[in-house]
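Structure record follows, encoded as structure tokens.
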Amino acid sequence: MTPRKIIIDTDPGQDDAVAILLALASPEVDVLGLTAVAGNVPLPLTEKNARIICELAGRPDIKVFAGCDAPLARALVTAEHVHGKTGLDGPQMADPVMPLQDQHAVDFIIDTLRSEPAGSVTLVPVGPLTNIATAFQRAPDIIPRVQEIVLMGGAYFEVGNITPAAEFNIYVDPEAAKIVFDAGVPLVVMPLDVTHKALTTKARIDAFRAMGTKVGDMVAAWTDFFERFDMEKYGSEGAPLHDPCTVAYLIDPSLFTGRLINVEIETESELTLGMTVADWWGITDRPKNALFIGDIDAEGFYALLAERLARL
Ligand code: BDR
Ligand code: CA
């Protein structure tokens, strides 16, 4: 099996961290690089966090690039209320030693898509879509060269988490999201509808801790911290591990089911800015542009996570 080449575009974030660890632990994917974007916390923290995560995985060789520090057309909105001041609050963490690459993340995305065979690189955005949209705007020739985009963002049945109508990643940069959803690239979307079914429970966090490894301890401490916000908000028994759903899909798509539908991004209404208007019921004849995931085998997902993270 040839591993699938991926670029993870990320704003770590505890759940981003688990997505990156899952990818680095899995032979089905070959991580060409991590591109950091401003999102959960500002860019200097997201790029630093990305390097902390690579070092934790024992992979200081992974290339980490800093990208856009603000959305295309708006002021940055962050989520320290969820992820803490550093974006990775929870455990004690040393500063990373591995270097940040000199190249800008957008240039790395463009160069990689131009130099790798067409249709052989998958983009995995798990933060606001600013880096990807900027790359598409600057170098439209790369768009048909993308194999697939598998992203975390949006919601239909769950509607919103940062506003009553919008999910965080799409809300932070709706103009960028519109560019990506309209690009014509095969698109798989992991919305809140599915991630809210991938809840950390006490037993699942205990399984991470029971690994008895540094990675297991860190992931347990991160998810412990990350949980408190959603448990208070939703009264749920744990927090959704949003971003790892994308990587799990690449490893084992049979864990997920969804529908190929039309999804449009709201960029104008103040009230519903960043809403993913998903035609789940096929009411319009607008072109189908996204495989919108609706369900997950949560037990299978957590079993995969536990098995893979134990390899690190
Ligand atoms: C998304 O927003 C961020 O807070 C998480 O990392 C995830 O990517 C969930 O809405
Ligand atoms: Ca994220």
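Heads up: the sequence shown begins at 577 in this note's numbering, then just goes up one per residue. Cβ atoms here follow ideal geometry from the backbone N, Cα and C, with glycine treated the same way. Just so it is clear, the structure is predicted and the values come from calculations on it, not from any experiment.
- Item | Boundaries of the alpha helix (DSSP H) in which residue 593 is found, first to last residue | Position 17 of the sequence shown, counting from 1, holds the residue named residue 593. Looking at the DSSP string, the run of the alpha helix (DSSP H) that includes residue 593 is 590-600.
- Message: Less than 8 Å between the C-beta atoms of residue 813 and residue 771, yes or no?
- Response: The residue labelled residue 813 in the question sits at position 237 within the sequence shown. The residue labelled residue 771 in the question sits at position 195 within the sequence shown. Contact flag unset, no.
- Pairwise C-alpha distance: residue 883 and residue 863: As a first step, residue 863 is located in the sequence shown; it is residue number 287 there, counting from the start. As a first step, residue 883 is located in the sequence shown; it is residue number 307 there, counting from the start. The alpha-carbon atoms of residue 863 and residue 883 are separated by roughly 39 Å.
- With 16 as the cutoff for other CB atoms within 10 Å, does residue 602 come out buried or exposed? In the sequence shown, residue 602 corresponds to position 26, counting from 1. Buried, because 16 or more other Cβ atoms sit within 10 Å of the Cβ of residue 602.
- Message: As a quick exercise: from 580, 614, 830, 857, pick the residue whose alpha carbon is nearest that of residue 871.
- Response: In the sequence shown, residue 871 corresponds to position 295, counting from 1. Out of 580, 614, 830, 857, 830 has the C-alpha closest to the C-alpha of residue 871.
- Using the Cα positions of residue 648 and residue 753, report the straight-line distance between them to the nearest angstrom. Stepping through the sequence shown from its first residue, residue 648 is reached at position 72. Stepping through the sequence shown from its first residue, residue 753 is reached at position 177. If you take the alpha carbons of residue 648 and residue 753, they lie about 10 Å apart.
- Starting from residue 834, follow its DSSP beta bridges and name the residues at the other end. Indexing the sequence shown from 1 puts residue 834 at position 258. Answer is 869, bridged to residue 834.
- Is it buried or exposed for residue 832, if we count other Cβ within 10 angstroms and need 16 for buried? Along the sequence shown, one-based indexing puts residue 832 at 256. With 16 or more other Cβ atoms within 10 Å, it is buried.
- Task: Answer yes or no: do residue 614 and residue 645 have a C-beta to C-beta separation smaller than 8 Å?
- Result: In the sequence shown, counting from the first residue as 1, residue 614 sits at position 38. In the sequence shown, counting from the first residue as 1, residue 645 sits at position 69. Going by C-beta atoms, residue 614 is nearer than 8 Å to residue 645.
- Take residue 686 and list the residues in its own chain whose beta-carbon comes closer than 8 Å to its own, dropping the five residues that flank it on each side. What you label residue 686 is simply residue 110 of the sequence shown in a count that begins at 1. Only 711, 714, 715, 718 meet the Cβ criterion.
- C-alpha distance - residue 789 paired with residue 853, whole-angstrom precision: Here residue 789 refers to the residue found at position 213 when the sequence shown is read from its first residue. Here residue 853 refers to the residue found at position 277 when the sequence shown is read from its first residue. One C-alpha to the other measures close to 42 Å.
- Out of 819, 861, 761, point me to the one whose CA is closest to residue 867's CA. Mapped onto the sequence shown, residue 867 falls at position 291. Of the candidates 819, 861, 761, the one whose C-alpha sits nearest the C-alpha of residue 867 is 761.
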